[in-house]
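In the working numbering, the protein residues as written are 16 to 79.
Take a look at the structure:
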């Protein structure tokens, strides 16, 4: 169910967001909805550790 939301934003930000949305063929509402959804996801992404980094883990002892 869609609900209406009123936001107060800097005019320059609004204009840039409109240009971005238009150039990506998405409505400004959908753009903001997608952004807010990505911020509020329950699952936290773990940073990907490449095999090279994994193999180097613990190789160097740093002075304390």
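A virtual CB, placed ideally from N, CA and C, is assigned to each residue, including glycine.
Do residue i and residue j have their C-beta atoms within less than 8 Å of each other?
| i | j | result |
| --- | --- | --- |
| residue 32 | residue 46 | yes |
Using the Cα positions of residue i and residue j, report the straight-line distance between them to the nearest angstrom.
| i | j | result |
| --- | --- | --- |
| residue 79 | residue 73 | 15 Å |
| residue 49 | residue 58 | 16 Å |
| residue 28 | residue 66 | 40 Å |
| residue 23 | residue 38 | 23 Å |
| residue 51 | residue 35 | 16 Å |
| residue 68 | residue 62 | 12 Å |
| residue 60 | residue 30 | 31 Å |
| residue 40 | residue 54 | 22 Å |
| residue 75 | residue 64 | 17 Å |
| residue 77 | residue 71 | 13 Å |
Report the residue from the options whose alpha carbon sits nearest the alpha carbon of residue i.
| i | options | result |
| --- | --- | --- |
| residue 17 | 75, 44, 61 and 66 | 44 |
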